[in-house]
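Visitor: If you use UniProt numbering, the sequence shown corresponds to residues 1 to 648, in order. Before I ask anything, let me first share the structure, which is written out below as structure tokens.
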Amino acid sequence: MNRSKLLLILIIAAIVGIFLGFDGHKLLTLENLQSHQESLGQWIDQNLVLAVGGYAAIYIVVTALSLPGATIMTLAGGAFFGNLYGLAAVSMASTVGASLAFLVARFLMRDTLRRRYAETVAKMDRGIEKDGAFYLATLRLLPVFPFFLINLAMGLTAMKLRTYALVSWVAMLPGTFVYVNAGTQLGQIQSTGDIVSADLLLSFALLGLFPLIAKFVVGFFRRRKVYAGWQKPEHFDYNLLVIGGGSAGLVSAYIAAAVKAKVALIEKHKMGGDCLNTGCVPSKALIRSAKAADTLRHANRYGLESVPVKGSFKTIMNRVKDVIAKVEPHDSPERYRKLGVDCIAGEASFVSPWELEVRHNDGRTERLTARSIVVATGGKPAVPPIPGLKDMQPLTSDNLWELQDQPERLLVLGGGPIGSELAHAFARLGSKVTQVEMGERLLAKEDEDVSELVLKQFQADGVDVRLKHSAAEFRIEEGEKVAYCEHEGERVRIAFDQVLVAVGRAANTAGLNLDRIGVDTLPNGTVPVEEDMSLRYPNVFACGDVAGPYQFTHAAAHQAWYAAVNGLFGQFKRFKVDYRVMPWVTFTSPEVARVGLSEAEAKAQGVAYEVTRYGLDDLDRAIAESEDHGFIKVLTPPGKDKILGAVV
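Dropping the structure here:
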């Protein structure tokens with residue numbers, strides 16, 4: 001840190017120390033100002049210019065250093081100087097103070113941030129250049145964060161000082177007037193009768209109504225701004241257009257059809273999405289076969305004779321396909337057409353916030369319009385750019401189901417839910433499985449005791465789990481496939497026949513032409529959605545894997561309800577998505593089910609909790625099933641019975 005920055009920090013610390021040392025935070029209270037109202041009023045009447053100047057100077061310091069008391073001082077401005085002088089003094093002082101705080105934050109921290117997080121800061125600056133003034137005005141009119149945080153945060157961006165000062169002054173003016181006006185009425189209270197005066201009641205009514213009025217004004221201008229440059233069609237082909245026929249898209253279309261809206265569903269591949277074709281259905285079918293094999297292999301647990309498991313892997317995979325075929329009619333175009341949904345086989349891309357260009361699978365192209373559009377294009381397995389990996393023709397949760405020959409040696413990259421489920425299933429079916437995880441434990445989103453229990457079972461079932469191993473390179477050496485991993489400074493060689501990549505998922509956004517409507521994807525590949533699932537425009541929505549943050553079928557369906565209902569009825573009432581109760585299960589053995597906060601999350605968020613734990617080795621049913629291992633854990637606030645989270 002250079003000398004100038006250190007000197008500024010020392011000066012700020014000294015001023016704050018003096019303020020607190022002389023109980024400045026106790027002086028700037030409504031009670032204290034009212035107790036000195038008469039004496040201060042007389043002095044102000046005799047020294048108006050000096051009083052206004054001194055008041056403005058103190059206000060600037062309080063605002064610039066983010067000291068407590070700005071709200072009380074605003075009320076005091078009205079009480080002692082009236083609407084005209086009070087508004088002028090507060091408006092000028094608050095803008096100057098905010099600008100000084102903005103400059104201090106920029107001087108002390110922006111260079112450091114740019115050095116450490118250059119890419120993030122650059123992206124943030126591009127956003128500020130594009131929409132910064134509007135975002136700042138929104139925060140000033142309807143503050144989501146305290147003003148002092150806005151001052152500091154904006155100082156870390158590339159916003160120009162004159163833009164910041166001008167937008168802050170204009171946007172803060174309405175709120176300043178409301179508070180100053182309320183202060184003029186507080187200053188006039190001389191008796192209990194004054195408390196119910198019309199002027200005072202009106203002033204406080206304005207204080208209560210201002211956030212609602214500001215919210216309406218911000219919403220109005222936001223809609224005007226976001227649609228600027230676009231021509232809304234005079235007529236629409238549909239009430240709702242849905243892109244993607246997976247879980248999220250199907251639920252969105254179903255809801256629209258149920259309320260007799262005109263809806264079309266556009267899917268370029270197979271209806272049912274990942275859940276039916278490559279995810280939930282095939283993986284659970286495979287896991288069930290693996291569990292049956294484990295039961296036969298350990299039949300002695302149930303008083304029977306254990307038998308060696310023999311079977312054709314091809315037959316197992318054919319069973320998986322039969323299961324998919326049996327479930328498929330539930331998600332078929334025929335079923336949805338009967339429900340009233342126009343099912344279109346093709347690929348869609350944005351032309352405008354209301355218009356899509358659809359390239360049909362038969363080669364035709366047409367344009368369709370709708371009042372609202374839902375993006376539900378799902379996700380796909382992410383394949384990391386590890387040298388030599390693509391040459392191994394890696395398996396993923398997408399192409400695994402075409403496999404006909406069981407790999408004798410299977411290498412699984414990833415210790416999350418997908419990697420763990422499939423690693424365990426293949427091990428139980430007889431493959432020699434090596435599972436590589438770069439972290440310190442399996443199932444990193446679960447608590448440590450959960451990960452430990454699953455790890456012990458994996459090891460008992462023959463899975464070779466390699467924690468803190470990071471795949472660095474793949475090669476073919478003398479006809480054998482080999483992976484090299486970095487582990488605590490050493491290079492580890494692992495030979496294999498097939499590699500299954502399960503290190504995460506990426507959203508499907510290619511071909512949507514999102515940049516045409518000004519939508520950028522987030523670093524994790526998903527699209528940025530608001531609490532009502534809208535995507536930049538009030539009539540464009542996203543749900544499911546493409547929106548995140550959860551990669552679950554039931555989460556996609558949950559989000560789809562909000563997207564469809566807000567898309568159809570959002571002009572009357574909008575609903576914010578609720579994630580408070582989001583369950584999930586990992587289908588390893590033992591299965592792991594969780595809802596609400598985990599212990600790790602409670603600690604990270606500073607939430608006080610107590611743990612009630614029950615071992616399943618004491619449960620009669622578990623003992624009867626010879627599955628008497630594992631536990632149930634419930635988190636509650638200390639001394640209360642509200643459930644914060646639970647894991648089984």
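Where a beta carbon is used, it is the ideal one built from N, C-alpha and C, also for glycine. Note that the structure is a prediction, hence the values are computed from the model and not measured.
Flag this pair as yes or no: are the beta carbons of residue 90 and residue 180 separated by less than 8 Å?
Guide: Along the sequence shown, one-based indexing puts residue 90 at 90. Along the sequence shown, one-based indexing puts residue 180 at 180. Their beta carbons are under 8 Å apart, which means residue 90 touches residue 180 by this criterion.
Visitor: If you draw a straight line from the C-alpha of residue 472 to the C-alpha of residue 487, how long is it?
Guide: Counted from its first residue, the sequence shown places residue 472 at position 472. Counted from its first residue, the sequence shown places residue 487 at position 487. Cα to Cα, residue 472 sits roughly 10 Å from residue 487.
Visitor: Quick one, which of 339, 140 and 291 has its alpha-carbon nearest residue 259's?
Guide: Counting from 1 along the sequence shown, the entry for residue 259 is found at position 259. The residue among 339, 140 and 291 with its C-alpha nearest the C-alpha of residue 259 is 339.
Visitor: Please say whether residue 463 and residue 503 have beta carbons closer to each other than 8 Å?
Guide: Counting from one through the sequence shown, the residue named residue 503 turns up at place 503. Counting from one through the sequence shown, the residue named residue 463 turns up at place 463. No. Outside cutoff.
Visitor: Residue 349 and residue 271 look like a contact to me (Cβ under 8 Å); what is the Cβ gap, rounded to whole Å?
Guide: Within the sequence shown, residue 349 is the residue found at index 349, counting from 1. Within the sequence shown, residue 271 is the residue found at index 271, counting from 1. Residue 349 to residue 271, Cβ: 20 Å. No contact.
Visitor: May I have the straight-line CA-CA distance separating residue 563 from residue 252, to the nearest angstrom?
Guide: Working through the sequence shown from its first residue, we reach residue 563 at position 563. Working through the sequence shown from its first residue, we reach residue 252 at position 252. Distance between the alpha carbons of residue 563 and residue 252 is about 7 Å.
Visitor: DSSP three-state call for residue 381: helix, strand or coil?
Guide: Looking up residue 381 in the sequence shown gives position 381. Looking at residue 381 - three-state DSSP - the assignment turns out to be strand.
Visitor: Tell me, to the nearest whole angstrom, how far the beta carbon of residue 592 is from that of residue 612; I am working on the premise that it is less than 8 Å.
Guide: What you label residue 592 is simply residue 592 of the sequence shown in a count that begins at 1. What you label residue 612 is simply residue 612 of the sequence shown in a count that begins at 1. Contact flag wrong, Cβ pair sits at about 18 Å.
Visitor: For residue 192, name the three-state secondary structure that DSSP assigns.
Guide: Within the sequence shown, residue 192 is the residue found at index 192, counting from 1. Any reading at residue 192 must be qualified, since the residue scores a pLDDT of 38, below 50, and its modelled position is unreliable; no value is offered.
Visitor: Taking the DSSP output, what are the residues bridged to residue 130?
Guide: If you number the sequence shown from 1, residue 130 lands on position 130. None; residue 130 has no bridge partner.
Visitor: Quick check for students: name the residue ranges of the beta strand (DSSP E) that lie wholly in the stretch 217 to 278, counting only runs of 3 or more.
Guide: 238 to 243 and 263 to 267
Visitor: When you compare only the Cα positions, how much space is there between residue 393 and residue 481?
Guide: By 1-based counting over the sequence shown, the position of residue 393 is 393. By 1-based counting over the sequence shown, the position of residue 481 is 481. In a straight line, the C-alpha of residue 393 is about 11 Å away from that of residue 481.
Visitor: Decide if the stretch 596 to 607 is in contact with the stretch 548 to 567; the criterion is three or more beta carbon pairs, one per stretch, under 8 Å apart.
Guide: no
Visitor: Are the beta-carbon atoms of residue 76 and residue 183 separated by less than 8 Å?
Guide: Sequence index remark: in the sequence shown, residue 76 carries index 76 (1-based). Sequence index remark: in the sequence shown, residue 183 carries index 183 (1-based). Their beta carbons are under 8 Å apart, which means residue 76 touches residue 183 by this criterion.
Visitor: Using a Cβ-Cβ cutoff of less than 7 Å, which residues in the same chain neighbour residue 99 once the five nearest sequence positions on both sides are dropped?
Guide: Translated into the one-based positions of the sequence shown, residue 99 becomes position 99. Same-chain partners within the cutoff: 161, 164 and 165.
Visitor: Does DSSP classify residue 200 as helix, strand or coil?
Guide: Stepping through the sequence shown from its first residue, residue 200 is reached at position 200. Because residue 200 carries a pLDDT of 49, less than 50, the predicted location of this residue cannot be relied on, and no value is offered for it.
Visitor: What residues in its chain sit with their C-beta under 6 Å from that of residue 372, if we drop five residues either side in the sequence?
Guide: One-based indexing of the sequence shown puts residue 372 at position 372. These residues qualify, in order along the chain: 240, 539 and 567.
Visitor: Buried or exposed for residue 354, going by 16 or more other Cβ atoms inside 10 Å?
Guide: What you label residue 354 is simply residue 354 of the sequence shown in a count that begins at 1. Within a 10 Å sphere around the beta-carbon of residue 354 sit 16 or more other beta-carbons, which makes this residue buried.
Visitor: Would you report the Cα separation of residue 459 and residue 528, rounded to the nearest angstrom?
Guide: Indexing the sequence shown from 1 puts residue 459 at position 459. Indexing the sequence shown from 1 puts residue 528 at position 528. If I take the Cα positions, the gap works out to 40 Å.
Visitor: Spell out a yes or no on whether the stretch 36 to 54 and the stretch 132 to 151 are touching, meaning 3 or more CB-CB pairs, one atom from each, closer than 8 Å.
Guide: No: the two stretches stay apart, fewer than three of their Cβ pairs being nearer than 8 Å.
Visitor: Are residue 63 and residue 14 closer than 8 Å when you measure CB to CB?
Guide: One-based indexing of the sequence shown puts residue 63 at position 63. One-based indexing of the sequence shown puts residue 14 at position 14. No. Outside cutoff.
Visitor: What do you get for residue 381, buried or exposed, if any count of 16 or more other CB atoms within 10 angstroms of its CB means buried?
Guide: Mapped onto the sequence shown, residue 381 falls at position 381. That one is buried.
Visitor: Does the stretch 506 to 525 come close enough to the stretch 413 to 423 that 3 or more CB-CB pairs lie under 8 Å?
Guide: No, because fewer than three Cβ pairs between the stretch 413 to 423 and the stretch 506 to 525 fall closer than 8 Å, the two stretches do not touch.
Visitor: With distances taken from CA atoms, which of 289, 297, 242 and 329 is nearest residue 315?
Guide: In the sequence shown, the residue the question calls residue 315 occupies position 315. For residue 315, the nearest C-alpha among the options comes from 289.
Visitor: Just how far apart, CA to CA, sit residue 402 and residue 317?
Guide: As a position in the sequence shown, residue 402 is number 402, starting the count at 1. As a position in the sequence shown, residue 317 is number 317, starting the count at 1. Roughly 8 Å separates the two Cα atoms.
Visitor: Just the Cα atoms here: how many angstroms apart are residue 264 and residue 87?
Guide: Position 264 of the sequence shown, counted from the first residue, corresponds to residue 264. Position 87 of the sequence shown, counted from the first residue, corresponds to residue 87. The straight-line gap from Cα to Cα measures roughly 55 Å.
Visitor: Would you mind working out which of 17, 610, 141 and 110 sits nearest residue 645, comparing C-alpha positions?
Guide: Residue 645 sits at position 645 when you count from the first residue of the sequence shown. Closest by alpha carbon: 610.
Visitor: Compare the Cα-Cα distances from residue 587 to each of 46, 321, 228 and 279 and report the closest residue.
Guide: As a working note, residue 587 is residue 587 in the sequence shown. Per the Cα distances, 279.
Visitor: Go through the stretch 460 to 488 residue by residue and report every complete run of the beta strand (DSSP E) that reaches 3 residues or more, in order.
Guide: 464 to 467, 470 to 477 and 480 to 487
Visitor: Could you spell out the range, first to last residue, of the beta strand (DSSP E) harbouring residue 554?
Guide: To locate residue 554, count along the sequence shown from 1; it is residue 554. Run containing residue 554: none in the beta strand (DSSP E); it sits in the alpha helix (DSSP H), 553 to 569.
Visitor: Along the chain, where does the beta strand (DSSP E) that runs through residue 424 open and close?
Guide: Here residue 424 refers to the residue found at position 424 of the sequence shown. Where residue 424 is concerned, there is no enclosing beta strand (DSSP E), although the alpha helix (DSSP H) it sits in stretches over 417 to 428.
Visitor: Below 8 Å on the Cβ atoms is my contact criterion, and I expect residue 465 with residue 500 to pass it. Report the Cβ-Cβ distance as a whole number of Å.
Guide: In the sequence shown, counting from the first residue as 1, residue 465 sits at position 465. In the sequence shown, counting from the first residue as 1, residue 500 sits at position 500. Going by Cβ atoms, the distance from residue 465 to residue 500 rounds to 14 Å, so no, they are not a contact pair.
Visitor: Using C-beta distances below 7 Å, list every residue in its chain close to residue 277, excluding the 5 sequence neighbours before and after it, in chain order.
Guide: Here residue 277 corresponds to residue number 277 of the sequence shown, with the count starting at 1. Excluding sequence neighbours, residue 277 sits near 270 and 324.
Visitor: Only counting the same chain, and skipping five residues up and downstream in sequence, which positions put a Cβ closer than 8 Å to that of residue 367?
Guide: Counting from one through the sequence shown, the residue named residue 367 turns up at place 367. Contacts found: 351, 355, 356, 357 and 358.
Visitor: Between which two residues does the beta strand (DSSP E) carrying residue 343 extend?
Guide: Working through the sequence shown from its first residue, we reach residue 343 at position 343. From DSSP, the beta strand (DSSP E) with residue 343 extends over 341 to 352.
Visitor: Taking only three categories from DSSP, how would you classify residue 66?
Guide: Position 66 of the sequence shown, counted from the first residue, corresponds to residue 66. It is coil, neither helix nor strand.
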